[in-house]
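Note sheet for the following structure.
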Amino acid sequence: MMWECPLCNRIFKKNQQPHFCGDKTVGDFLLGKSVSSQGLFDDLISKFEEIGPVKLHATKSMIVIAADTGFAYVINLGKNHIDIVLPFDELYEDNLCFRKMAQVPGSNKYNHHLRIMYKEDINDEVFEFMKKAYANGKKV
Ligand SMILES: [Zn+2]
Numbered sequence: 032m033m034w035e036c037p038l039c040n041r042i043f044k045k046n047q048q049p050h051f052c053g054d055k056t057v058g059d060f061l062l063g064k065s066v067s068s069q070g071l072f073d074d075l076i077s078k079f080e081e082i083g084p085v086k087l088h089a090t091k092s093m094i095v096i097a098a099d100t101g102f103a104y105v106i107n108l109g110k111n112h113i114d115i116v117l118p119f120d121e122l123y124e125d126n127l128c129f130r131k132m133a134q135v136p137g138s139n140k141y142n143h144h145l146r147i148m149y150k151e152d153i154n155d156e157v158f159e160f161m162k163k164a165y166a167n168g169k170k171v
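Residue numbers (my numbering): 32 to 171.
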């Protein structure tokens, strides 16, 4: 049997499947994506929730993960991976996890691109960067 979450309209195989729902637009963004990438998405959000509460909202092209303000962006859900961007005020060149880093044109922000293919990819190094990103989303 299938269960549709009344809040985000995502469809699950299991009744009352635990997941993170934002609004309906988040559900729309996730609609039709593979079970494996949706699972990675939920893993990522649970990891952020270990740091603190997060809110989700979607635009046409991405899901924004926010504390007080947006601090991370899920830009793609592939068949077996998800792509995330973490913007920072400085370039962290010394890392093993980012595929690509680029200055945002006309700003002093640097986008750090991360691809998650397995739950284990959210390792200690990634978690440290997630904490830095989360701190940027908190109003001080
Ligand atoms: Zn939901």
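Cβ atoms here follow ideal geometry from the backbone N, Cα and C, with glycine treated the same way.
Checklist entry - Who are the near neighbours of Val116 in its chain, counting only those whose CB is closer than 6 Å to its CB and skipping five residues on each side? => result Position 85 of the sequence shown, counted from the first residue, corresponds to residue 116. Tyr104, Ile106, Asn142, His144, listed in sequence order.
Next on the checklist: Between His88 and ligand 1, is there a pair consisting of the residue's CB and a ligand heavy atom that are separated by less than 7 Å?
Outcome noted: Within the sequence shown, residue 88 is the residue found at index 57, counting from 1. Between ligand 1 and the CB of His88, the shortest heavy atom gap is not smaller than 7 Å.
Checklist entry - What residue range is occupied by the uninterrupted alpha helix (DSSP H) comprising Asn167? => result Taking the sequence shown and counting its residues from 1, the one referred to as residue 167 is at position 136. Counting along the chain, the alpha helix (DSSP H) containing Asn167 begins and ends at 155-167.
Item to check | 3-residue-minimum beta strand (DSSP E) runs that sit fully inside the segment 49-114, ordered along the chain | outcome: Qualifying beta strand (DSSP E) stretches, in chain order: 86-89, 94-97, 101-108.
Checklist entry - Is the closest heavy atom of ligand 1 to the C-beta of His112 under 7 Å? => result As a first step, residue 112 is located in the sequence shown; it is residue number 81 there, counting from the start. If you check the C-beta of His112 against ligand 1, you find no heavy atom less than 7 Å away.
Checklist entry - Roughly how many angstroms lie between the CA atoms of Gly109 and Ile147, to the nearest whole one? => result As a working mapping, residue 109 is identified with position 78 in the sequence shown. As a working mapping, residue 147 is identified with position 116 in the sequence shown. Looking at the two C-alpha atoms, the distance is approximately 10 Å.
Item to check | Helix, strand or coil at Glu121 [DSSP, three-state] | outcome: As a first step, residue 121 is located in the sequence shown; it is residue number 90 there, counting from the start. Glu121: coil per DSSP, three-state reduction.
Checklist entry - Assuming Glu156 and Asn111 make a contact with CB atoms under 8 Å, what is their CB distance in whole Å? => result As a position in the sequence shown, residue 156 is number 125, starting the count at 1. As a position in the sequence shown, residue 111 is number 80, starting the count at 1. In fact, because the Cβ distance is near 21 Å, the residues do not count as touching under 8 Å.
Checklist entry - For Ile42, which residues of its own chain have a beta-carbon under 6 Å away from its beta-carbon, when the five flanking residues on both sides are left out? => result In the sequence shown, residue 42 corresponds to position 11, counting from 1. The beta carbon of Ile42 sits closer than 6 Å to those of Met33, Glu35, all from its chain and outside the five residues before and after it, given in chain order.
Next on the checklist: Just to be sure I understand the criterion: a residue counts if its Cβ is closer than 5 Å to at least one heavy atom of ligand 1. Which residues meet that?
Outcome noted: Any heavy atom of ligand 1 within less than 5 Å of a residue's beta carbon puts that residue on the list, which reads Cys36, Leu38, Cys39, Cys52.
Checklist entry - For the putative contact between Asp120 and Lys140, defined by C-beta atoms under 8 Å, what is the C-beta separation to the nearest angstrom? => result Counting from one through the sequence shown, the residue named residue 120 turns up at place 89. Counting from one through the sequence shown, the residue named residue 140 turns up at place 109. Indeed they touch by this definition, with Cβ atoms about 6 Å apart.
Item to check | Cut-off 7 Å between Cβ atoms - residues of its own chain near Val85, not counting five sequence neighbours on either side | outcome: Counted from its first residue, the sequence shown places residue 85 at position 54. Excluding positions up to five away in sequence, the list reads Ile76, Phe79, Ile96, Ala97, Ala98.
Checklist entry - Near Lys131, what residues of its chain come up, given a Cβ to Cβ distance below 6 Å and the 5 sequence neighbours on each side ignored? => result For the purposes of this step, residue 131 is taken as the residue at position 100 of the sequence shown. Taken in chain order, the residues that qualify are His144.
Checklist entry - Any idea what DSSP makes of Lys131, helix, strand or coil? => result What you label residue 131 is simply residue 100 of the sequence shown in a count that begins at 1. In the three-state scheme derived from DSSP, where H, G and I count as helix and E and B as strand, Lys131 is classed as strand.
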